[in-house]
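Each residue of the sequence shown is one higher than the one before, counting from 2 in our numbering. All C-beta atoms in this analysis are idealised placements derived from N, C-alpha and C, irrespective of residue type, glycine included. Written below as structure tokens is the structure these notes are about.
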Amino acid sequence: MAFSSEEEIYQEHILDHYESPYHRGHCPDPTHVDQGDNPLCGDVIRIELRVDDEGIVREAWFDGDGCCISQSAASMLVESIEGKPVDQVRRFSAQDMLKLFGVRLTPNRQKCCLLSWRVLQTALAAPATSSGSGAAGPSESTSPSGDNDPAPGGTPPTD
2 MAFSSEEEIY QEHILDHYES PYHRGHCPDP THVDQGDNPL CGDVIRIELR VDDEGIVREA
62 WFDGDGCCIS QSAASMLVES IEGKPVDQVR RFSAQDMLKL FGVRLTPNRQ KCCLLSWRVL
122 QTALAAPATS SGSGAAGPSE STSPSGDNDP APGGTPPTD
């Protein structure tokens with residue numbers, strides 16, 4: 002199958018994020034934390050954020066295991082939300098996440114791409130406890146049917 006030059010650029014960008022991820026590891030003094038998995042394929046993502054008193058995401062980190070799509074999407078996501086107001090990050094939709102990823106995906110692969118987005122949305126609703134873990138611990142961030150996907154739309158983070 003031949004790829005257009007635009008598809009090749011997106012694929013190279015995805016591999017760059019997979020091989021040299023942005024902020025993979027743990028956030029010092031996180032204010033928001035959550036972890037989720039995709040039970041269909043075994044991908045796991047943990048998102049840790051430090052949000053300041055003005056509601057700005059000052060640091061965004063991820064960690065996890067899984068396929069190239071889930072891990073590179075998490076890297077792209079945490080890079081894109083740093084410095085943004087929490088209200089703007091909350092409006093970032095599933096469709097916005099798929100656009101950020103940039104490559105058309107099958108429905109099952111979309112679940113891999115959207116895992117970090119789902120964990121992010123849950124983390125924003127779950128401030129970290131004094132022990133540094135999410136308020137309710139790890140959550141299941143996907144459903145096998147994908148029925149919990151929000152309606153398309155929203156506002157992507159901008160600089």
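- Non-local C-beta neighbours of residue 87 in its own chain, meaning closer than 7 angstroms and more than five positions away in sequence, comprise 52, 56, 58, 125, ordered along the chain.
- Beta bridge pairing from DSSP links residue 128 with 33.
- The Cβ atoms of residue 62 and residue 95 do not sit closer than 9 angstroms to each other.
- Around the beta carbon of residue 31, 16 or more other beta carbons sit within 10 angstroms, so the residue counts as buried.
- DSSP lists 38, 66 as the beta-bridge partner residues of residue 45.
- For residue 90, the enclosing alpha helix (DSSP H) stretches over residues 87 to 92.
- Distances from the alpha-carbon of residue 71 to those of 102, 91, 127 put 102 closest.
- In this structure, the beta-carbon distance from residue 91 to residue 122 falls below 9 angstroms.
- Out of 50, 99, 29, the CA that lies nearest to the CA of residue 73 is found in 99.
- By DSSP's assignment, residue 25 forms a beta bridge with 63.
- Taking 8 angstroms as the upper bound for CB-CB distance, residue 120 and residue 35 are in contact here, some 5 angstroms apart.
- When the Cα atoms are used, residue 108 and residue 41 turn out to be separated by approximately 12 angstroms.
- Judged by beta-carbon spacing, residue 22 lies within the 9 angstroms limit of residue 76, meaning their Cβ atoms are closer than that value.
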